[in-house]
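Under numbering that gives the first Met the number 0, the first residue of the sequence shown is numbered 0, with each subsequent residue one higher. Don't be surprised by glycine CBs; every beta carbon is placed ideally from N, CA and C. Owing to the predicted nature of the structure, the values given are computational and were not obtained by experimental measurement. So the structure is just underneath, and the comments pick up after that.
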Amino acid sequence: MGIDVLARGSDGYEANRGAFNVLLSQDPARIVTPRDARDVADAIAYAKAEGLRIGAQRTGHSAEPLGDLSDTLLLRTAAMSGVSIDADRRIARVGSGALWGDLVPQASDMGFAAAHGSSPTVGIVGYSLGGGVGWYGRKHGLQCNLVTAIELVDAAGNERRVDADNDPELFWAMRGSAGDFGIVTALEFELLPVHEVFAGALFFPVERMSEVFGAWHAFTAAAPDEITSLARIMNFPPIPEIPEPMRGKSFAIIEAVALLGEAEATEVLAPLRDLGPAMDSFAVQPPAGISGLHMDPPEPAPYAAYGMLLNELPGEALDAFVGAVGPDSGTHLLSVEIRHDGGAMARSGPGNGAMDCLPGEFLMFGVNVVPDPSAMAPTKAWLGAMEDAMKPWDAGRYLNFSDESEDIAVAYPPATVERLRAAKSKYDSENFFHAAHPVVSG
Ligand SMILES: Cc1cc2nc3c(=O)[nH]c(=O)nc-3n(C[C@H](O)[C@H](O)[C@H](O)COP(=O)(O)OP(=O)(O)OC[C@H]3O[C@@H](n4cnc5c(N)ncnc54)[C@H](O)[C@@H]3O)c2cc1C
């Protein structure tokens with residue numbers, strides 16, 4: 000047994016038990032920090048011998064749905080963070096500890112983009128296993144369906160490589176089911192042939208929310224798959240970390256990434272840019288340039304969040320959303336957003352994984368910072384108001400955006416749930432793996 004096992008009370012245990020949401024206190028039975036697949040196999044053997052379950056984690060972004068870890072060996076993957084790019088095949092290979100920020104600049108320098116989401120500090124493996132809704136999604140689909148091979152250690156401790164030809168059922172199950180079938184040690188996936196994008200954000204006074212969201216919604220109805228966009232409200236806190244033009248102010252914001260040349264993108268985006276924003280940051284840039292576009296917090300923070308897929312967004316839905324979280328609603332969440340999904344993210348594909356496509360056209364997400372316990376009750380009430388207002392258009396959950404422990408039936412069609420549960424009994428009949436969103440609840 001070559002791996003160090005960290006027990007409660009040790010410095011290593013304290014240094015490795017943190018979650019991205021600092022309101023959570025993770026208390027696993029033990030912790031390991033493997034350097035390679037052999038260490039992972041050792042950790043699995045240790046967990047089995049001790050009667051523990053095992054769960055992998057990189058950033059702890061999805062720590063909340065994991066729940067109680069008192070019977071779990073927590074495997075933190077930060078030390079396995081290598082990335083390499085095969086430019087001829089346009090394939091990236093990443094270790095299970097790699098973050099998007101470890102890959103995207105390198106890929107960008109080589110003339111490629113990766114199907115990443117809004118934050119460079121998200122773990123590539125967790126994001127990819129959970130689906131992966133990113134800035135190129137409407138054109139290129141969910142990241143899980145760009146995965147070409149997965150290396151893992153299975154429940155029996157065997158190192159395996161699965162792909163479309165080698166155990167295609169396990170390969171299918173792992174792409175979109177949040178890691179409930181094994182500990183991934185490396186992932187390979189397609190990069191996108193994109194050397195520059197036309198991207199940016201438009202900032203409007205929040206009082207114009209209704210008009211701006213209405214114009215954005217009309218825009219999405221005709222938008223080509225080459226444009227992925229979202230509309231949001233941000234109530235920037237009055238803290239020094241926030242740049243002066245935004246500090247302490249509230250905005251209605253449209254963000255978009257266009258895979259079009261500047262002239263065509265300018266023409267397509269004109270109805271939005273002509274609305275007269277207070278700030279317009281659209282510009283041609285390399286793929287790495289959009290890493291900060293969404294202004295996600297890079298460091299762990301105290302927060303609460305809620306997400307829901309929306310099947311459509313008619314005028315009454317927009318009115319309900321503005322009424323629930325808009326400037327006159329009495330709510331004050333840090334950020335509420337509606338992402339335009341659809342396009343390739345909504346289309347089935349023959350070789351796709353368990354998250355074949357997303358239902359609905361839109362994805363709603365709200366989050367608030369909870370700096371002290373007294374801020375939790377209003378935050379929950381505001382997120383609840385948003386949820387209640389949008390229930391008539393509820394299309395289910397996208398589990399990467401769910402901090403709750405939910406039955407996977409809220410996220411996948413019944414046939415997929417059945418197939419995933421059959422795969423779970425075949426590959427992990429003892430429910431040894433402890434994933435953020437388990438295939439079998441309870
Ligand atoms: C600021 C922020 C921005 C985000 N933006 C987006 C976005 O734009 N689009 C989007 O789709 N999602 C987004 N997410 C959600 C994110 O994709 C999920 O939280 C995802 O689970 C994060 O993966 P992680 O490895 O960083 O998190 P972790 O909490 O470390 O891992 C999450 C889960 O992934 C599984 N897992 C991780 N590593 C392994 C492994 N080696 N083997 C097996 N299973 C593993 C486990 O089930 C684990 O519980 C965002 C989250 C945050 C906090």
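Taking only heavy atoms of ligand 1 into account, decide whether any of them is closer than 7 Å to the Cβ of S118. Taking 7 Å as the cut-off, the C-beta of S118 counts as close to a heavy atom of ligand 1.
Who pairs with V39 in a beta bridge, going by DSSP? Answer is none; V39 lacks a bridge partner.
So for V183, helix, strand or coil by DSSP? Three-state DSSP puts V183 in a strand.
R52: CB within 7 Å of a non-hydrogen atom of ligand 1: No, the beta carbon of R52 sits no closer than 7 Å to any heavy atom of ligand 1.
Checking 8 Å against the spacing of the C-beta atoms, do Y302 and E386 come in under that value? Their beta carbons are not under 8 Å apart, which means Y302 does not touch E386 by this criterion.
Return yes when the C-beta of S328 is under 7 Å from any heavy atom of ligand 1, and no when it is not. Checking every heavy atom of ligand 1 against the Cβ of S328, none is found closer than 7 Å.
List the whole-angstrom C-beta distance separating A343 from G140, where the pair is believed to meet the contact cut-off of C-beta under 8 Å. Correct: roughly 4 Å between the Cβ atoms.
Taking 8 Å as the threshold (beta carbon to beta carbon), is P236 in contact with chain C? Absent from the structure is chain C; it holds one protein chain and no more.
So D162 and F170 are supposed to be a Cβ contact under 8 Å. How far apart are they, rounded? Indeed, because the Cβ distance is near 6 Å, the residues count as touching under 8 Å.
How is F320 classed by DSSP in three states: helix, strand or coil? Helix at F320.
Can you pull the DSSP bridge partners for P204? P204 pairs with F250.
On the DSSP bridge assignment, give the partners of G334 in chain order. The sequence given here has Ser at residue 334, not Gly. Beta-bridge pairing by DSSP links S334 to M233, V366.
For V442, is the beta carbon positioned less than 7 Å from some heavy atom of ligand 1? Past the edges of the chain, shown from 0 to 441, lies residue 442, and the structure says nothing about it.
Quick check on this structure: which residue in P286, K423, I253 has the alpha carbon closest to the alpha carbon of L190? Of the candidates P286, K423, I253, the residue whose Cα lies closest to the Cα of L190 is P286.
Pick helix, strand or coil for N15, following the three-state DSSP scheme. Of the three classes helix, strand and coil, the one that applies to N15 here is helix, per DSSP.
Does the distance between the C-beta of R57 and the nearest non-hydrogen atom of ligand 1 fall short of 7 Å? At least one heavy atom of ligand 1 is nearer than 7 Å to the Cβ of R57, so yes.
What do you reckon, are the CB atoms on D371 and L357 nearer than 8 Å? Contact check for D371 against L357 fails: the beta carbons are separated by 8 Å or more.
Is the distance from the Cβ of A435 to the Cβ of S61 below 8 Å? In contact: A435 and S61 (Cβ atoms closer than 8 Å).
I need the boundaries of the beta strand (DSSP E) containing A303, first residue and last residue. Unbroken beta strand (DSSP E) run through A303: 302-309.
Inter-residue CB distance, S401 and P64 (contact presumed, cutoff 8 Å): Rounded, the Cβ-Cβ distance is 7 Å, consistent with contact.
Close Cβ partners of R88 (< 8 Å) along its chain, the five nearest in sequence each way excluded: For R88, where only same-chain residues beyond five positions count, there are no Cβ hits under 8 Å.
Residue ranges of each beta strand (DSSP E) within the region 269-298, 3 or longer: Runs found: 282-284.
In this structure, how does DSSP classify D10 when only helix, strand and coil are distinguished? Three-state DSSP puts D10 in a helix.
Answer with buried or exposed for I253, where buried requires no fewer than 16 other C-beta atoms within 10 angstroms of its C-beta. A residue is called buried once 16 or more other Cβ atoms fall within 10 Å of its Cβ, and I253 is buried on that count.
Would you identify the three-state DSSP class for V459, choosing helix, strand or coil? The chain is shown only over 0 to 441; residue 459 falls outside these bounds and no answer can be derived.
Beta-carbon proximity of M389 to F320, cut-off 8 Å: Contact: yes.
Go to Q105, then tell me how far its alpha helix (DSSP H) extends in each direction, as first and last residue. Annotation: the continuous alpha helix (DSSP H) that includes Q105 extends over 99-108.
Going by the CB atoms, is the gap between L332 and Y397 shorter than 8 Å? 8 Å or more divides the Cβ of Y397 from the Cβ of L332.
Beta strand (DSSP E) runs contained entirely in the region 50-81, provided each spans 3 or more residues: Here the runs fully enclosed are 52-56, 71-75.
I want to check one thing, is the minimum distance from the CB of V124 to the heavy atoms of ligand 1 below 7 Å? The answer is yes for V124.
By how many angstroms is the C-alpha of S347 removed from the C-alpha of M354? Roughly 9 Å between the two C-alpha positions.
CB of V31 within 8 Å of CB of L68, strictly: Judged by their CB atoms, V31 and L68 are not nearer to each other than the 8 Å cut-off.
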